[in-house]
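Here the structure comes first, spelled out in structure tokens, and everything after it is commentary.
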Amino acid sequence: MELVSRRGYCGAGGVELVLRRRKVILLLVGHRFLVAVICAQAALAVALAVMLDPGAVPVSSPAAEIILGLCIGGLILLTVAAAIKGIRGYRAERSRARAVSELVDAVAHASQEWLWAVNDEGKFTFSSRASIALLGYDPSELIGKHYRIVIEQDELARARGSVAAATDDSGPGWSRAVIICRHRNGAPVWMETAGRQSHAGSGLGPGFVGTSRQLPPQSAREIVRQRITERVEETLRSRVVLTAFQPVHELAGGKIIGVESLARFPGDDGRGPEHWFNEANTVGLGGELEFAALESALEAADRLPAELYVALNLSPETCLDPRLPGILEQAALPIDRIVLELTERLAVEEYAPLAAVLAPLRRRGLRIAVDDAGSGFASMRHILRLRPDIIKLDRSLIAGIDSDETHRALGQAMVEFAKQIGATLVAEGIETQAELSAVTQLGMDAGQGYFLGRPTILPADWESWHKHSVK
Numbered sequence: 087m088e089l090v091s092r093r094g095y096c097g098a099g100g101v102e103l104v105l106r107r108r109k110v111i112l113l114l115v116g117h118r119f120l121v122a123v124i125c126a127q128a129a130l131a132v133a134l135a136v137m138l139d140p141g142a143v144p145v146s147s148p149a150a151e152i153i154l155g156l157c158i159g160g161l162i163l164l165t166v167a168a169a170i171k172g173i174r175g176y177r178a179e180r181s182r183a184r185a186v187s188e189l190v191d192a193v194a195h196a197s198q199e200w201l202w203a204v205n206d207e208g209k210f211t212f213s214s215r216a217s218i219a220l221l222g223y224d225p226s227e228l229i230g231k232h233y234r235i236v237i238e239q240d241e242l243a244r245a246r247g248s249v250a251a252a253t254d255d256s257g258p259g260w261s262r263a264v265i266i267c268r269h270r271n272g273a274p275v276w277m278e279t280a281g282r283q284s285h286a287g288s289g290l291g292p293g294f295v296g297t298s299r300q301l302p303p304q305s306a307r308e309i310v311r312q313r314i315t316e317r318v319e320e321t322l323r324s325r326v327v328l329t330a331f332q333p334v335h336e337l338a339g340g341k342i343i344g345v346e347s348l349a350r351f352p353g354d355d356g357r358g359p360e361h362w363f364n365e366a367n368t369v370g371l372g373g374e375l376e377f378a379a380l381e382s383a384l385e386a387a388d389r390l391p392a393e394l395y396v397a398l399n400l401s402p403e404t405c406l407d408p409r410l411p412g413i414l415e416q417a418a419l420p421i422d423r424i425v426l427e428l429t430e431r432l433a434v435e436e437y438a439p440l441a442a443v444l445a446p447l448r449r450r451g452l453r454i455a456v457d458d459a460g461s462g463f464a465s466m467r468h469i470l471r472l473r474p475d476i477i478k479l480d481r482s483l484i485a486g487i488d489s490d491e492t493h494r495a496l497g498q499a500m501v502e503f504a505k506q507i508g509a510t511l512v513a514e515g516i517e518t519q520a521e522l523s524a525v526t527q528l529g530m531d532a533g534q535g536y537f538l539g540r541p542t543i544l545p546a547d548w549e550s551w552h553k554h555s556v557k
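Its first residue numbered 87, the sequence shown is counted upward by one per residue in our numbering.
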């Protein structure tokens with residue numbers, strides 16, 4: 087059926103089909119009437135010639151007169167027949183065009199697929215009513231608007247790439263291009279799109295026409311997983327994980343005693359490193375990304391002052407990977423300057439294997455830190471089961487500790503607890519002078535936060551830290 091493209095998308099060319107039908111009608115009717123006009127002119131010319139100048143057409147006998155009359159009559163009959171056939175053809179084609187138009191209109195209104203057309207400026211010239219259900223926009227709200235109204239700016243480049251990759255080699259069309267559109271309420275809508283170019287002679291003018299349908303949730307999840315996998319694998323292949331170091335200050339004297347390494351990803355769209363690691367975990371590549379960040383940090387640490395320790399963030403699961411001891415042994419950084427800072431990205435089911443893996447490394451000088459202490463039960467369980475060398479209090483406990491009695495009481499309790507188990511207590515997320523003064527008065531050992539120093543990827547900043555202190 088003409089209305090269904092060979093890719094299976096109804097309406098990819100349906101908007102233009104009615105216009106093409108109209109052209110066919112005009113062409114067909116034009117040909118038929120041209121024949122009729124020529125015949126009529128020929129018959130009229132002969133008849134006039136005979137009437138005006140009988141000698142112009144030599145007629146030597148009654149038989150010749152009969153033949154001439156038959157010719158003129160035949161031309162007249164041929165004229166009438168061509169005219170009748172042309173009228174019938176016109177009516178038949180008009181009927182077919184009306185049927186096609188009604189079918190296209192029915193599809194446009196009843197189909198769950200969205201039929202659309204945009205001009206060469208990217209503005210909508212047609213939209214079916216499916217846009218209401220799929221995107222929350224009435225067609226009248228889209229006509230004349232640029233397609234950026236339904237596609238995020240940062241998705242445009244990827245959408246163009248998706249369309250280019252899905253373009254059919256046999257023509258200027260594409261199918262099965264996946265694009266993330268934006269609903270009127272801001273929610274993402276995963277769409278599979280098919281379309282093609284429209285030209286100046288099509289009636290729609292130069293631009294594009296096509297259809298879009300919403301992907302089922304399962305298909306959208308599969309595509310999300312595929313994209314995440316491709317993005318993480320490309321990051322791993324190109325080794326573009328950067329390292330930022332944030333200084334850790336001794337509170338009593340103010341000098342910098344260590345740094346925490348933080349992964350940074352080029353082209354990060356503002357979602358932050360945690361988002362990268364969480365996504366990588368969903369596709370089974372969390373450990374690979376952690377190791378890439380670990381190796382980047384160990385390499386960058388060679389530019390740090392020699393007296394500073396380096397805290398490296400790892401999940402407990404990645405600590406169980408048999409590659410870890412080899413990576414730490416091959417590093418240029420002495421193991422007694424390395425602190426493994428256990429994150430809470432993944433829960434620990436059994437502590438005995440984790441303790442067994444870390445024990446030989448700890449005997450050689452490796453230290454263990456528990457991150458985000460006080461933010462949840464998991465961090466406190468890490469402390470009780472692993473007996474860390476460093477306990478890092480979460481920002482949620484430090485914020486407002488200068489004025490909140492509950493926070494001060496809990497902070498004081500953690501100071502005493504750390505002393506009892508022989509651990510260094512580090513206050514994370516210090517952002518004001520008042521918070522710095524409070525944690526210092528409580529007797530906490532060290533602190534880090536924006537007030538003391540922001541993370542930086544600049545080696546010149548790292549190299550200056552052996553001279554820096556905060557009073």
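Backbone N, C-alpha and C define an ideal beta-carbon position, used for all residues, glycine too.
- In this chain, the alpha helix (DSSP H) harbouring tryptophan 548 covers 545 to 549.
- Judged by DSSP secondary structure, serine 347 falls within the beta strand (DSSP E) whose first and last residues are 342 to 350.
- Cβ contact annotation for tyrosine 233 (same chain, cutoff 8 Å, sequence separation greater than five): Val204, Gly208, Lys209, Phe210, in chain order.
- Arginine 389 sits close to proline 545, with the two beta carbons spaced by under 8 Å.
- Unbroken alpha helix (DSSP H) runs of no fewer than 4 residues, entirely contained in the segment 458 to 532, are found at 463 to 472, 481 to 484, 491 to 507, 519 to 527, following chain order.
- DSSP, read as helix, strand or coil, puts valine 369 in coil.
- DSSP places glutamine 304 inside the alpha helix (DSSP H), whose first and last residues are 303 to 324.
- In the DSSP annotation of this structure, the continuous segment of the beta strand (DSSP E) that includes glycine 259 starts and ends at 259 to 268.
- Threonine 526 has its alpha-carbon roughly 11 Å from the corresponding atom of glutamine 519.
- Of the residues assessed, aspartate 224 falls on the exposed side of the cut-off, its CB having fewer than 16 other CB atoms within 10 angstroms.
- Arginine 262 places its beta carbon less than 8 Å from that of glutamate 278.
- Shortest Cα-Cα distance from glutamate 436 to any of Thr297, His468, Asp457 involves His468.
- Rounded to the nearest whole angstrom, the C-alpha separation of tyrosine 395 and isoleucine 476 is 12 Å.
- Counting along the chain, the unbroken alpha helix (DSSP H) around glutamate 403 starts and ends at 402 to 405.
- With respect to isoleucine 413, leucine 380 sits close: the two C-beta atoms are nearer than 8 Å.
- Excluding the 5 residues flanking it on each side, valine 327 has same chain C-beta neighbours closer than 7 Å at Thr321, Ala349, Phe351, Ala378, Ala379, Ser382, in chain order.
- Close CB contacts of methionine 466 within its chain, under the 8 Å cut and outside five residues either way in sequence, are with Ala459, Gly460 (chain order).
- Straight across, the Cα-Cα distance linking alanine 306 with alanine 280 is about 17 Å.
- Apart from the 5 residues on each side of it in sequence, tryptophan 548 sits with its Cβ closer than 7 Å to the Cβ of Phe331, Arg389, Leu390 in its chain, given in chain order.
- Taking C-beta separations shorter than 7 Å and ignoring five residues to either side along the sequence, the partners of leucine 220 in its chain run Trp200, Val275, Gln300, following chain order.
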